[in-house]
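In the numbering used here, the protein residues as written are 264 to 649.
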């Protein structure tokens, strides 16, 4: 069984030097690597005009390096020949050649482990204690990919991972939709009427709210569903159950008291596939692009931002706003009253490939009034029924 990775236990890779030195030291190495890398990507794709802003008078470079300077530590690559290279859309979703190591959050039996197996068949799934440990494991070359949840059809968005997407320098190279079927688990010999409380991830508890309320169980949140099952089994609890998968029940020797206890049968979690390298976008299949941007405060400014897609018949599939951290509240004085505003980041998914000139024009238009813009990834859409 693979050893779980926690943030404090990630060892330095023998091929790379991990440094927590000054920002100027990080910039000297990493911005150089970033420029070489994006130059190579642009030469091999149709993203030139977006990444470099074209040759127009008002065109500007789409941000690829500021968040890199904010990360806690960076990787300095010794051998230039081993610099990350763009992936093809096939390599992003199919495990070929050597067996890929894929990080997920949780312990064996977690839904994320199953999603990693769906995204990368025959991969070596590597459990991580927290989401940020999975991001860092990819950045530090301990694993090849990470598969992490971003939203659920019942519980909504995983806000932590939206924040980590901006903090870390990974690229979205694919998505996978996974149907979640929750079970109520307990130790053998424990009856359902004997339970007083139930443990699970907050999202899982929310997805089973009606069922658990009907049973009169007190809900206790833990880091992940499989971890809840492991805790109940290890401590031989007789008054507590866990909401987790049937696989977790098998792994930890628990009894399944009830199956499919989620409030809606259409319970699907969307996972993102993350890598150090972006993929070269194509037009041979349905693609989705994820971006994040910020705007100046003003009447209609968000409407103008979203209109750049509507004007080009580009469909938006997701928009999420997150407060911009480490920024002072914005103040204004309208009609004699003082108001304070948050600054926001807007995460948007739209149905188009960055190889499409239409999508490039939309981002060039958005850049005219966005204060910050970053492409998180352009990747094949998961069209499966989960």
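Beta carbons: idealized from backbone N, C-alpha and C, even for Gly.
Annotated three-state conformation of residue 451 is coil, per DSSP. By the neighbour-count definition (other C-beta atoms within 10 Å, threshold 16), residue 473 is an exposed residue. In this structure, residue 367 places its C-beta atom within 8 Å of the C-beta atom of residue 376. The Cβ-Cβ distance between residue 378 and residue 436 does not fall below 8 Å.
Residue nearest to residue 406 within the set 616, 387, 413 and 585 is 387 (criterion: CA-CA distance). Cβ-Cβ distances below 8 Å link residue 476 to nothing in the same chain once the five nearest sequence neighbours on each side are left out. Spanning the alpha carbons of residue 554 and residue 498 requires a straight line of approximately 44 Å. Around the C-beta of residue 507, 16 or more other C-beta atoms lie within 10 Å, and the residue is accordingly described as buried. Secondary structure note for residue 612: its beta strand (DSSP E) is the uninterrupted segment 607-613. Under DSSP, residue 446 takes part in a beta bridge, and its partners are 507 and 522. With fewer than 16 other Cβ atoms inside 10 Å of its own Cβ, residue 646 counts as exposed.
Taken atom to atom, the span from the alpha-carbon of residue 411 to that of residue 536 is near 7 Å. For residue 368, the enclosing beta strand (DSSP E) begins and ends at 364-368. At least 8 Å separates the beta-carbon of residue 525 from that of residue 466. Excluding the 5 residues flanking it on each side, residue 610 has same chain C-beta neighbours closer than 6 Å at 425, 555 and 583, in chain order. Sixteen is the threshold: when 16 or more other Cβ atoms of the shown chains lie within 10 Å of the Cβ of residue 434, as they do, the residue is buried.
Bridge pairing for residue 431: absent [DSSP]. Sixteen is the threshold: when 16 or more other Cβ atoms of the shown chains lie within 10 Å of the Cβ of residue 399, as they do, the residue is buried. Residue 383: not part of any beta strand (DSSP E); DSSP gives it neither H nor E.
Between the alpha carbons of residue 639 and residue 397 lies a distance of about 17 Å. Around the beta-carbon of residue 504, 16 or more other beta-carbon atoms lie within 10 Å, marking it buried. Here the alpha carbons of residue 365 and residue 385 stand approximately 10 Å from one another. Excluding the 5 residues flanking it on each side, residue 496 has same chain C-beta neighbours closer than 7 Å at 450, 515, 516 and 517, in chain order.
Taking C-alpha positions only, residue 577 is separated from residue 622 by approximately 8 Å. Closest by C-alpha distance to residue 569, out of 542, 463 and 627, is 627.
When DSSP states are grouped into helix, strand and coil, residue 480 belongs to the coil group.
Assigned with DSSP and collapsed to three states, residue 544 falls in coil, not helix or strand.
Residue 468 sits in a helix when the DSSP states are folded into three classes.
For residue 572, the enclosing alpha helix (DSSP H) begins and ends at 564-573. Ranking 613, 460, 633 and 643 by CA distance to the CA of residue 573 puts 613 first. Going by beta carbons, residue 513 and residue 633 fall outside the 8 Å limit. At a Cβ-Cβ threshold of 8 Å, residue 443 and residue 531 count as neighbours. The bridge partners DSSP lists for residue 420 are 414.
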